[in-house]
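Letter by letter, the sequence shown follows residues 1 to 396 in UniProt numbering. Glycine included, C-beta positions come from ideal geometry on N, C-alpha and C. This structure is a prediction, so every number in the text was calculated from the model and none was measured. Below: one structure, written as structure tokens.
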Amino acid sequence: FFYDFLWRDWDDEESCENYTALIEERINLWCDIQDGTIPGPIAERFNRTLEKYKSKRVELIEYQNNIKEDPCAAEAVECWKKYYEIVMLCGLLKMWEDLRLRVHGPFFPRILRRRKGKRDFGKTITHIVAKVMTTEMVKDLSSDTLLQQHDDLDMALDSCYSGDTVMIFPGEYQAANLASLTDDIIIKGVGKKEEIMIISEPSRDSFVVSKAENVKLIQLSLIQQGTVDGIVVVESGHLTLENCILKCEGTGVCVLTGAALTITDSEITGAQGAGVELYPGSVAILERNEIHHCNTLRTCDSSKSTLGGVNMRVLPAPRLKMSNNHIYNNSGYGVSILQPSEQVLIVAEDELNKAAASGDRKDDNMLSNVMHNLNLEMNNNKIEANVKGDIRIVTS
Numbered sequence: 001f002f003y004d005f006l007w008r009d010w011d012d013e014e015s016c017e018n019y020t021a022l023i024e025e026r027i028n029l030w031c032d033i034q035d036g037t038i039p040g041p042i043a044e045r046f047n048r049t050l051e052k053y054k055s056k057r058v059e060l061i062e063y064q065n066n067i068k069e070d071p072c073a074a075e076a077v078e079c080w081k082k083y084y085e086i087v088m089l090c091g092l093l094k095m096w097e098d099l100r101l102r103v104h105g106p107f108f109p110r111i112l113r114r115r116k117g118k119r120d121f122g123k124t125i126t127h128i129v130a131k132v133m134t135t136e137m138v139k140d141l142s143s144d145t146l147l148q149q150h151d152d153l154d155m156a157l158d159s160c161y162s163g164d165t166v167m168i169f170p171g172e173y174q175a176a177n178l179a180s181l182t183d184d185i186i187i188k189g190v191g192k193k194e195e196i197m198i199i200s201e202p203s204r205d206s207f208v209v210s211k212a213e214n215v216k217l218i219q220l221s222l223i224q225q226g227t228v229d230g231i232v233v234v235e236s237g238h239l240t241l242e243n244c245i246l247k248c249e250g251t252g253v254c255v256l257t258g259a260a261l262t263i264t265d266s267e268i269t270g271a272q273g274a275g276v277e278l279y280p281g282s283v284a285i286l287e288r289n290e291i292h293h294c295n296t297l298r299t300c301d302s303s304k305s306t307l308g309g310v311n312m313r314v315l316p317a318p319r320l321k322m323s324n325n326h327i328y329n330n331s332g333y334g335v336s337i338l339q340p341s342e343q344v345l346i347v348a349e350d351e352l353n354k355a356a357a358s359g360d361r362k363d364d365n366m367l368s369n370v371m372h373n374l375n376l377e378m379n380n381n382k383i384e385a386n387v388k389g390d391i392r393i394v395t396s
């Protein structure tokens with residue numbers, strides 16, 4: 001076990017002042033992989049990288065041993081190439097060990113994509129994504145609409161400027177450019193949403209990531225396969241999901257600090273954590289959605305096992321408006337409010353001073369106060385059949 005997972009070749013080559021802490025970190029990483037705290041796709045990728053590093057190191061040693069005399073120029077170059085690849089894999093493994101493969105948040109620093117803005121001549125284009133374009137497809141568009149046809153969604157997104165619309169017709173698509181949405185565009189399915197399937201690429205860390213001021217995704221099915229980040233991550237700006245199906249395999253929809261999200265008439269299912277995760281200082285409006293069968297992740301961490309339909313991190317407080325949603329059959333709570341234990345004590349101070357209050361009543365009052373302080377508005381929601389309960393304050 002020690003040599004297979006805890007020991008690294010570079011440990012002998014580097015001076016480490018706190019080797020005990022390093023080994024402890026690797027043990028924690030191994031435990032998180034074993035109990036499912038770290039999503040399966042991340043664990044598989046880490047193990048593949050570790051095995052690749054070991055095999056490449058053996059390959060370099062064997063290649064060097066086969067050089068009988070001073071290496072020629074070609075052999076020296078080949079040795080350098082093999083060594084460089086080992087160094088890159090070593091650096092990647094160190095990065096993963098330091099970050100402990102966090103479930104939430106961006107896994108790698110992304111190369112930022114610059115916002116294009118509007119075209120120089122001020123016109124907008126409607127991009128048709130289909131193998132063949134017919135007049136029937138565009139009959140409902142105005143006669144002065146500028147059209148551009150693509151058989152590849154990635155090419156369509158790469159051609160977009162702010163104000164453009166992408167119309168996707170039935171079929172299965174993949175698009176790496178969905179992970180770097182920086183311009184204000186509309187991506188709209190034409191036909192039944194179940195037949196317009198956008199599938200993530202397992203080799204990539206992100207699926208849909210938006211940094212634009214205003215992006216809309218309408219009438220689409222997003223199917224997550226193997227990506228690490230949330231199925232949709234709103235890093236900044238505002239993203240709207242309307243009449244969409246989100247089939248998660250990793251984490252659900254994540255709204256980062258300062259970002260805003262609107263989801264209407266959509267379905268979110270299968271997330272390993274919460275279906276919708278609101279980071280401190282974010283804003284979200286959820287209306288007429290179904291959020292179910294989330295928190296599929298098996299973990300010994302009690303705080304993560306409470307996640308279910310919607311999870312809110314409250315310092316600073318996010319803003320959430322929910323109406324006419326159906327949140328059901330989630331493994332944690334329907335709605336969980338995550339806050340530090342110190343904040344719970346502050347919120348509950350008045351309640352705790354009233355010794356006559358019963359435990360149940362005290363908890364209800366605490367929940368009411370927290371919801372009021374959070375700017376949390378809930379109307380006509382149906383929250384039922386969630387394993388842990390409907391709504392709960394969770395301390396960290």
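Counting along the chain, the unbroken alpha helix (DSSP H) around T20 starts and ends at Y19 to Q34. Exclusion of the five residues before and after E78 leaves Y63 as the residues of its chain whose Cβ lies within less than 8 Å of its Cβ. Considering only D140, S55, N214 and V129, the residue with the shortest C-alpha distance to Q174 is V129.
Excluding its 5 nearest sequence neighbours in each direction, C160 has C-beta neighbours in its own chain below 7 Å: H127, V166, D183 and I185, listed in chain order. Between L278 and I245, the C-beta spacing is not below 9 Å. With 16 or more other Cβ atoms from the protein chains shown falling within 10 Å of its own Cβ, R8 counts as buried. Per DSSP, reduced to three states, the secondary structure at E235 is coil, with no helix or strand assignment. Beyond the five residues adjoining it in sequence on each side, K118 comes within less than 7 Å, by CB distance, of Y161, S162 and G163 in the same chain, given in chain order.
When only Cα atoms are considered, D154 and V233 end up about 18 Å apart.
A distance of 9 Å or more separates the beta carbons of N379 and I327.
With 16 or more neighbouring CB atoms inside 10 Å of its own CB, Y333 falls in the buried class. Residues W10 and Y53 of the same chain have their beta carbon placed closer than 7 Å to that of C90, with the five preceding and five following residues left out of the count. Residues D184, G237 and H238 of the same chain have their beta carbon placed closer than 7 Å to that of E213, with the five preceding and five following residues left out of the count. Rounded to whole angstroms, the gap between the alpha carbons of D390 and M312 is 14 Å.
Distance between F2 and A176, taken at the CA atoms: about 38 Å. By the 16-neighbour rule on beta-carbons within 10 angstroms, T135 is exposed.
Within the same chain, I199, S200, P202 and E249 come within 7 Å of Q225 by CB-CB distance, once the 5 residues on both sides are set aside.
Residue nearest to K116 within the set M95, K211, S142 and D32 is K211 (criterion: CA-CA distance). Closest in C-alpha terms to K388, from the list C294, L320, N324 and L376, comes C294.
As summarised for the segment 254-281, the continuous beta strand (DSSP E) elements at least 3 residues long and confined to that stretch are 260-264, 267-269 and 276-278, given in chain order. Here V276 is near I268, since their CB atoms are less than 9 Å apart. In this structure, DSSP gives Y333 an extended state, which the three-state scheme calls strand. Distance from E235 to V209 at the Cβ level is roughly 6 Å; contact confirmed, criterion being Cβ atoms closer than 8 Å.
Annotation note: the segment 130-214 contains the following uninterrupted beta strand (DSSP E) runs of length 3 or greater, listed N- to C-terminal: 146-150, 165-168, 171-173, 186-189, 196-199 and 208-210. Listed in chain order, the non-local C-beta contacts of I383 below 6 Å within the same chain comprise I327, G334 and D390, local neighbours out to five positions each way being set aside. Membership of N379 in the beta strand (DSSP E) is indicated by the continuous run L376 to N379.
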